[in-house]
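The opening residue of the sequence shown carries number 1 in full-length UniProt numbering; numbering runs sequentially from there.
Note that beta-carbon positions come from the ideal geometry of N, C-alpha and C, so glycine has one too.
Notes for the one structure printed next.
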Amino acid sequence: MPANQVVQWVQDGHRPNVVILGAPNRDRVRTELQRLRPVIAESANIIAEDLDFTYDFDDQLVDLVIVLGGDGSILQAARQMGMSQSPVLGINCGRLGFLAALSPDDFLNVWPEVMRGGSDVIDHIMFQVSVLRSGEVVAEQLALNEAAILRGAPYRILDIDLYADGHLATRYRCDGLIIATPVGSTAHNLSAGGPILRRNLQAIVISPISPHTLTYRPVVDSAETVLELTVTEPYDSTSVVVDGRILSALQPGDRVRVERAEQTFKMLEVPGQNDYRTLRDKLGWGGSVNSKIGDD
């Protein structure tokens, strides 16, 4: 497991350059931005505010990206940064918020400590997802949560062959197949019955959707495994979906390659936050446990 990193501006001793991204057309995002902007500007250089997700990160020196919104906004930020991933701090202005775990009030409490270097940068694996047609790459995209093959209409079962490191693993008969990162394990994978992984684990999850045979179970594999998938007879609407967006419709003979990307998604681990606390808060795991014991 890779070691945590100290934030760059503390190492270099300079005020951090910050880009603020936010979900467009969200009144709460605009309201919270107005409230938080002066606090951020006291100790950081705000080099851009982008509520349209159009800022170009290429060749820019960005120390920190603050995202106001929900998990969808963080996924969009990861797509927008592309090959130029910078550390992210998510502020939840949405609903559930696994990735954007801080409320605006929590942010105000932890921001001074973040500026002093009290937060480590945690690297999370990403996928490089490629669609190959006649041996040529016709579509590709970085993925933070998952790559999925979804059937669409007509709603009939799919035959999906899965190859691991060039070897045939199995043929799934199912409604679809999800390949999830640990970060994405609490997204579509969870709703399909897959396991929850600790977010900085170096692993992936393969989860069939409504498999025809109950012996097809979710599988946890090494993050280094290169997966390829083919659909024997795709329908017109059968598609590769990456982080909730269609990457490409599939044609007979297409191969979908899912492999670990060179880029990692970098998130700040703020004081008082951890994976199990997030699960307790977001999934209602409180029960009768006294959560104050060992909470720090």
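In three-state DSSP terms, what is residue i?
| i | result |
| --- | --- |
| V114 | helix |
| R26 | coil |
| L279 | helix |
| G13 | coil |
| V19 | strand |
| A3 | Note that A3 scores 47 on pLDDT, short of 50, meaning its location in the model is unreliable; the coordinates nonetheless yield the value given after this. Coil, per DSSP. |
| I40 | helix |
| S73 | helix |
| H212 | coil |
| Q34 | helix |
| N200 | coil |
| residue 382 | Lying before the first or after the last residue shown, residue 382 is absent from the chain, which here runs from 1 to 296. |
| D254 | coil |
| G226 | Per the sequence presented here, residue 226 reads as Val, with Gly not at that position. Three-state DSSP puts V226 in coil, outside helix and strand. |
| L108 | helix |
| S191 | helix |
| Q141 | strand |
| V129 | strand |
Measure the Cβ-Cβ separation of residue i and residue j and say whether it is below 8 Å.
| i | j | result |
| --- | --- | --- |
| V121 | V7 | yes |
| L64 | P38 | no |
| C93 | G117 | no |
| V203 | N189 | The question names Val, but residue 203 is Ala in the sequence shown. Cβ distance not < 8 Å, so A203 and N189 don't count as in contact. |
| A192 | I209 | yes |
| V242 | A143 | yes |
| D106 | K266 | no |
| I178 | S222 | no |
| L268 | L89 | yes |
| N145 | G97 | no |
| V231 | I149 | yes |
| F53 | A261 | no |
| E32 | I74 | no |
| A100 | Q273 | no |
Compare the C-beta of residue i against all C-beta atoms of chain B and say whether one is closer than 8 Å.
| i | result |
| --- | --- |
| G82 | No chain B appears in the structure shown, which is made up of a single protein chain. |
Thinking residue i and residue j are a contact (beta carbons under 8 Å), I'd like their distance in whole angstroms, please.
| i | j | result |
| --- | --- | --- |
| L51 | P24 | 5 Å |
| L158 | D175 | 7 Å |
| L229 | I125 | Wrong, their Cβ atoms sit about 18 Å apart, outside the cutoff. |
| I40 | V19 | Not confirmed; about 11 Å, so no contact. |
| L21 | A77 | 5 Å |
| R173 | T213 | 7 Å |
Across which residues does DSSP place residue i in a beta bridge pair?
| i | result |
| --- | --- |
| N92 | G69 |
| P87 | Bridge partners of P87: none, in fact. |
| T170 | L162 |
| A100 | Note: A100 sits in no beta bridge, so no partner. |
| A148 | I178, V241 |
| H124 | F265 |
| V220 | V205 |
- prompt: Does the stretch 240 to 257 come within contact of the stretch 126 to 143, defined as at least 3 CB pairs closer than 8 Å?
  reply: Counting C-beta pairs with one atom in each stretch, the stretch 240 to 257 and the stretch 126 to 143 have three or more that are closer than 8 Å, which means they touch.
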